Amino acid sequence: MKNRILSFSIALAITLLPFLSNPVFCQSHHSAKATSTTNVNMALGNPSNATTSTVNANNYLMQKPQYCLSYNNKNHIPNWVSWHVQTSDIGPVDRKNDFRPDDLLPANWYHVSSTDYIRSGFDRGHQCPSADRTSYEENNSATFLMTNMIPQAPNNNRITWMHLESYCRSLVFQGNELYIICGVYGQGGIGSAKPDIVRTLQSGVTVPAQTWKIIVVLPSGENDLSRITTQTRVIAVLMPNTQDCSKHPWQNYRVSVDSIEHLSGFNFLSNIPENIQKVIESKVDNTPVNKQI
DNA sequence: CTGTCGTTC
DNA sequence: GAACGACAG
Numbered sequence: 038m039k040n041r042i043l044s045f046s047i048a049l050a051i052t053l054l055p056f057l058s059n060p061v062f063c064q065s066h067h068s069a070k071a072t073s074t075t076n077v078n079m080a081l082g083n084p085s086n087a088t089t090s091t092v093n094a095n096n097y098l099m100q101k102p103q104y105c106l107s108y109n110n111k112n113h114i115p116n117w118v119s120w121h122v123q124t125s126d127i128g129p130v131d132r133k134n135d136f137r138p139d140d141l142l143p144a145n146w147y148h149v150s151s152t153d154y155i156r157s158g159f160d161r162g163h164q165c166p167s168a169d170r171t172s173y174e175e176n177n178s179a180t181f182l183m184t185n186m187i188p189q190a191p192n193n194n195r196i197t198w199m200h201l202e203s204y205c206r207s208l209v210f211q212g213n214e215l216y217i218i219c220g221v222y223g224q225g226g227i228g229s230a231k232p233d234i235v236r237t238l239q240s241g242v243t244v245p246a247q248t249w250k251i252i253v254v255l256p257s258g259e260n261d262l263s264r265i266t267t268q269t270r271v272i273a274v275l276m277p278n279t280q281d282c283s284k285h286p287w288q289n290y291r292v293s294v295d296s297i298e299h300l301s302g303f304n305f306l307s308n309i310p311e312n313i314q315k316v317i318e319s320k321v322d323n324t325p326v327n328k329q330i
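Sequential numbering of the first sequence, starting at 38, is according to our numbering.
The structure is reproduced here in structure tokens:
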């Protein structure tokens, strides 16, 4: 009996240790300024008022140490995924490639599997990128849950979108931390299998028409949203989920946050004071980007 | 030319 | 596990 309790305690400690030492998770506890939420990954707000009620199946909130999302059970893809990235999130861990269903979805819902995208002409496109979560194995592994994936046209995913992801990481290495949120809009994309518009994969997963992303750039520092001012750089893009997306670099797809709000009906950056939101959401980023990334 | 990143099969 | 494409350096 004694041994059992002892071995259970050890098992518990082993289970909890990586979790408790995970900087992403720990930081979520002292993001004092994040008002309605304690998770650093959605510190700037919950753009669709997603909830953890299973009744709210098409706007179902999932909070993970690595990222947060609103899941759409009708479309079988997330409405949006939100995360925070800083230098400590990027480490030595190899890409795990363990694409798999997300067991944390309610048991009676359809669980998208890794094979649902097979031969569809669309990539299993990460929302929170693998390369933004390489500090610990479990953090990288978490990005391969299918609730973090959308059917993404290969040229969108591997070229234009990836260049923006790389550019974001270069901003982190230059001494910034980023609050990122991205998601989908509409239905019907053009993948690599045929030149026609595809509305759903054979497995029933919705193919979005557009992908969008919003990046708030802050110099690395204490996790305090009061540092966000009218001068804070915000990059927002909206691009087609098609193969010819890559005809232009991501810079050409820059828009205002306002325009994505009008399109989607979401309310972004809602934890920032209104007067500041007003200014930074109406601008279109025009910072020159030297390299072709 | 090698390394990185995101993929497919 | 092998191979691919698009870069960056």
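Where is the CB? At the ideal position from N, CA and C, for every residue including glycine. As the structure is a prediction and not an experimental result, all values here were calculated from the model.
- Following the DSSP letters along the chain, one finds D295 in no beta strand (DSSP E) but inside the alpha helix (DSSP H) bounded by residues 294-301.
- Burial state of D139 is buried, judged by a 10 Å Cβ sphere holding 16 or more other Cβ atoms.
- Here DSSP, grouped into helix, strand and coil, assigns Q211 to coil.
- Secondary structure note for A179: its alpha helix (DSSP H) is the uninterrupted segment 174-179.
- Excluding its 5 nearest sequence neighbours in each direction, S293 has C-beta neighbours in its own chain below 8 Å: A273, E318, S319, K320, V321, listed in chain order.
- V122: member of the beta strand (DSSP E) spanning 114-122, first to last residue.
- Straight-line spacing of the CA atoms in A144 and V326 works out to 45 Å.
- Around the CB of S207, fewer than 16 other CB atoms lie within 10 Å, so the residue is classed as exposed.
- DSSP places K320 in the coil class of the three-state scheme, outside both helix and strand.
- The Cβ-Cβ distance between P188 and L255 does not fall below 7 Å.
- With a contact defined as Cβ atoms closer than 8 Å, V122 and L215 qualify at about 5 Å.
- Sixteen is the threshold: since fewer than 16 other Cβ atoms of the shown chains lie within 10 Å of the Cβ of L141, the residue is exposed.
- For N95, the secondary structure class from DSSP, reduced to helix, strand or coil, is coil.
- Residue pairing by DSSP places V271 opposite V253 in a beta bridge.
- Residue pairing of N83 in beta bridges, as defined by DSSP: absent, with no partner found.
- For S90, no beta strand (DSSP E) run applies, since DSSP gives it neither H nor E.
- Judged by pairs of C-beta atoms under 8 Å, the segment 193-202 does not touch the segment 230-247, as fewer than three such pairs exist.
- A straight-line Cα-Cα distance of about 31 Å links R170 and K315.
- By the beta-carbon neighbour count (other beta carbons within 10 angstroms, threshold 16), Q211 is exposed.
- Secondary structure note for Y108: its beta strand (DSSP E) is the uninterrupted segment 105-109.
- Residue pairing from DSSP places R291 in a beta bridge opposite V274.
- When Cβ pairs closer than 8 Å are counted between the two stretches, the segment 235-249 is seen to touch the segment 153-173, the count reaching three or more.
- R132 counts as exposed, since fewer than 16 other C-beta atoms from the protein chains shown sit within 10 angstroms of its C-beta.
- In the structure shown, H200 adopts helical secondary structure according to DSSP, grouped into three states.
- By the C-beta density criterion, R161 is buried, having at least 16 other C-beta atoms within 10 angstroms.
- Taking every protein chain shown into account, the CB of T279 has 16 or more other CB atoms within 10 angstroms, so this residue is buried.
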